[in-house]
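Participant: Got a structure here, written out as structure tokens. Questions coming.
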Amino acid sequence: MNLSDITPIISNAYGLAQEWVFSSIVGPLLYQLDLMSWAEDAFDGIDWFLFGCIQVFLIIVVLRVWERFDPAEKQERFAKASRADVLYTLFHRLGIFHGLIFVTLSGFFFQIDSVLHDFRFDRLNVENWWPGVTSIPVVSFLLYLILLDFVDYLYHRASHAFNWWWQLHALHHSQTVMTAWSDNRNHVLDDVIRASVMAFFALLFGVSPGQFIALVALSQFIQSWQHANINVHLGPAKYVLISPLYHRMHHAVGYGHEAQGKPGVLGGCNFGILFPWWDMAFKTAIFPKVAYPTGVRNLTVSHNILTQQWQGLVQAFRELLPK
Numbered sequence: 399m400n401l402s403d404i405t406p407i408i409s410n411a412y413g414l415a416q417e418w419v420f421s422s423i424v425g426p427l428l429y430q431l432d433l434m435s436w437a438e439d440a441f442d443g444i445d446w447f448l449f450g451c452i453q454v455f456l457i458i459v460v461l462r463v464w465e466r467f468d469p470a471e472k473q474e475r476f477a478k479a480s481r482a483d484v485l486y487t488l489f490h491r492l493g494i495f496h497g498l499i500f501v502t503l504s505g506f507f508f509q510i511d512s513v514l515h516d517f518r519f520d521r522l523n524v525e526n527w528w529p530g531v532t533s534i535p536v537v538s539f540l541l542y543l544i545l546l547d548f549v550d551y552l553y554h555r556a557s558h559a560f561n562w563w564w565q566l567h568a569l570h571h572s573q574t575v576m577t578a579w580s581d582n583r584n585h586v587l588d589d590v591i592r593a594s595v596m597a598f599f600a601l602l603f604g605v606s607p608g609q610f611i612a613l614v615a616l617s618q619f620i621q622s623w624q625h626a627n628i629n630v631h632l633g634p635a636k637y638v639l640i641s642p643l644y645h646r647m648h649h650a651v652g653y654g655h656e657a658q659g660k661p662g663v664l665g666g667c668n669f670g671i672l673f674p675w676w677d678m679a680f681k682t683a684i685f686p687k688v689a690y691p692t693g694v695r696n697l698t699v700s701h702n703i704l705t706q707q708w709q710g711l712v713q714a715f716r717e718l719l720p721k
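Per my numbering, the very first residue in the sequence shown carries number 399; after that it's consecutive.
Take a look at the structure:
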């Protein structure tokens, strides 16, 4: 059996799973709540859930097993500090977070779409850049991935540049026991801002909704791999894709979020999300050969999710007050 035979089987199985979830769970629920007008959007939203289930399965079966056989550092099997990260991951990957964002901001983005149309704004649709080449689905997908990754790099740099914003983002850096679950350990306000920014630029670039879901899902899983406790630096390929060792440097105490030689002063290195090119271009890249301890100097956070969120919000608000 070759790849061309396997692909239709996977596609059909995915379609059947999507139909079953809608007809058995989502559809009846919408009917009971008198929300059948949302049926089409809800059916599309099942993609977030199914892609999330695939990601969670791969994290457990592939990444967590990989961590046991080739760890970057010795860790407790299931440290107490990591348990909240699992809940963060389930909340983000199984479509709960993105579903809430969609419901909350769908009207706003519809208005933006109307404004762009009224101003006759020509989106960046890469499919039209080189007909016959960039119109190939795989090529356009990769180009959109690169464009959105650059936006994400700039967003990430910004979250390290302003003290109030850093107080939110510091939750992500506070983990001293990094694992494949650690990527979604974020303050929800920071997540809302980031999701809004990425959705806006995806709209601006002309990314289709289905393509956007696939782009986010692929990016998320790669980031789970980058946060995993595995000793991988990729060799020469480290200049093509960010490795776990490269990203761990971004989380390293005294390196990833502080200006070198100036403890406590915002700065850092290795801000890239998927590709190291932006760090290399803006001279923020460091390619380490060893794994450093992770965390934030003089910062200890609760293991309770609600307390973590409250602490970040309070600290961010204090930074906005006049000194």
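C-beta: ideal position from N, C-alpha, C; glycine also.
Keep in mind the model is a prediction, meaning the values are calculated, not measured.
Just checking, does the region 425 to 437 make contact with the region 595 to 614 on the three C-beta pairs under 8 Å criterion?
Facilitator: no
Participant: For residue 438, which beta-bridge partners are listed by DSSP?
Facilitator: For the purposes of this step, residue 438 is taken as the residue at position 40 of the sequence shown. According to DSSP, which records beta bridges pairwise, residue 438 is partnered with nothing at all.
Participant: Measuring alpha carbon to alpha carbon, tell me which residue in 495, 664, 575 and 579 is nearest residue 594.
Facilitator: Position 196 of the sequence shown, counted from the first residue, corresponds to residue 594. The shortest Cα separation from residue 594 among 495, 664, 575 and 579 belongs to 495.
Participant: Within the chosen definition, does the region 564 to 575 reach the region 697 to 708 through at least 3 CB pairs nearer than 8 Å?
Facilitator: A contact between stretches requires three or more CB pairs, one per stretch, nearer than 8 Å, and the region 564 to 575 meets this requirement with the region 697 to 708.
Participant: Below 8 Å on the Cβ atoms is my guess for residue 416 versus residue 458; work out the distance and round it to an integer in Å.
Facilitator: As a working note, residue 416 is residue 18 in the sequence shown. As a working note, residue 458 is residue 60 in the sequence shown. Contact flag wrong, Cβ pair sits at about 22 Å.
Participant: Nearest by alpha-carbon distance to residue 477: which of 576, 715 and 613 is it?
Facilitator: Here residue 477 corresponds to residue number 79 of the sequence shown, with the count starting at 1. Considering only alpha carbons, the answer is 576.
Participant: At which residue ranges does the region 653 to 719 contain complete alpha helix (DSSP H) runs of 4 or more residues, listed in the order of the chain?
Facilitator: Here the runs fully enclosed are 675 to 679 and 703 to 718.
Participant: Near residue 553, which residues of its chain fall below 7 Å by C-beta distance, leaving aside the five closest residues on each side in sequence?
Facilitator: Sequence index remark: in the sequence shown, residue 553 carries index 155 (1-based). The residues are 592 and 595.
Participant: By Cβ distance, which residues of its chain are closer than 6 Å to residue 651, with the 5 residues on each side in sequence left out?
Facilitator: Within the sequence shown, numbered from 1, the residue matching residue 651 stands at position 253. Counting only Cβ-Cβ distances below 6 Å, and skipping sequence neighbours, we find 691, 693 and 695.
Participant: What's the gap between the Cα of residue 636 and the Cα of residue 674?
Facilitator: Looking up residue 636 in the sequence shown gives position 238. Looking up residue 674 in the sequence shown gives position 276. Going by the C-alpha atoms only, they are around 8 Å apart.
Participant: With distance defined between alpha-carbon atoms, name the residue in 678, 412, 466 and 462 nearest to residue 441.
Facilitator: In the sequence shown, residue 441 corresponds to position 43, counting from 1. Of the candidates 678, 412, 466 and 462, the one whose C-alpha sits nearest the C-alpha of residue 441 is 412.
Participant: Give the straight-line distance between the Cα atoms of residue 715 and residue 655, rounded to the nearest whole angstrom.
Facilitator: If you number the sequence shown from 1, residue 715 lands on position 317. If you number the sequence shown from 1, residue 655 lands on position 257. Each residue's alpha carbon lies about 20 Å from the other.
Participant: Let me know the secondary structure DSSP gives residue 559 once reduced to three states.
Facilitator: For the purposes of this step, residue 559 is taken as the residue at position 161 of the sequence shown. Residue 559 falls in the coil class under three-state DSSP.
Participant: Kindly list the residues whose CB is nearer than 8 Å to the CB of residue 489, restricted to its own chain and excluding five residues on each side of it in sequence; keep chain order.
Facilitator: The residue you call residue 489 lines up with position 91 of the sequence shown. Excluding sequence neighbours, residue 489 sits near 495 and 582.
Participant: Go ahead and pull the three-state DSSP assignment for residue 650.
Facilitator: What you label residue 650 is simply residue 252 of the sequence shown in a count that begins at 1. The answer is strand: DSSP assigns residue 650 an E or B state.
Participant: On the three-state DSSP scale, how would you describe residue 433?
Facilitator: Taking the first residue of the sequence shown as position 1, residue 433 is located at position 35. Looking at residue 433 - three-state DSSP - the assignment turns out to be coil, as it is neither helix nor strand.
Participant: Is DSSP giving residue 472 helix, strand or coil here?
Facilitator: Indexing the sequence shown from 1 puts residue 472 at position 74. Reduced to three states, the DSSP call for residue 472 is coil.
Participant: What's the call for residue 705, buried or exposed, on a 16-neighbour Cβ count within 10 Å?
Facilitator: Position 307 of the sequence shown holds residue 705. Residue 705 should be labelled exposed.
Participant: Would you kindly work out how many angstroms separate the C-alpha atoms of residue 633 and residue 546, rounded to a whole number?
Facilitator: What you label residue 633 is simply residue 235 of the sequence shown in a count that begins at 1. What you label residue 546 is simply residue 148 of the sequence shown in a count that begins at 1. Looking at the two C-alpha atoms, the distance is approximately 25 Å.
Participant: Can you give the Cα-Cα distance for residue 672 and residue 407, rounded to whole angstroms?
Facilitator: Here residue 672 refers to the residue found at position 274 of the sequence shown. Here residue 407 refers to the residue found at position 9 of the sequence shown. About 30 Å.
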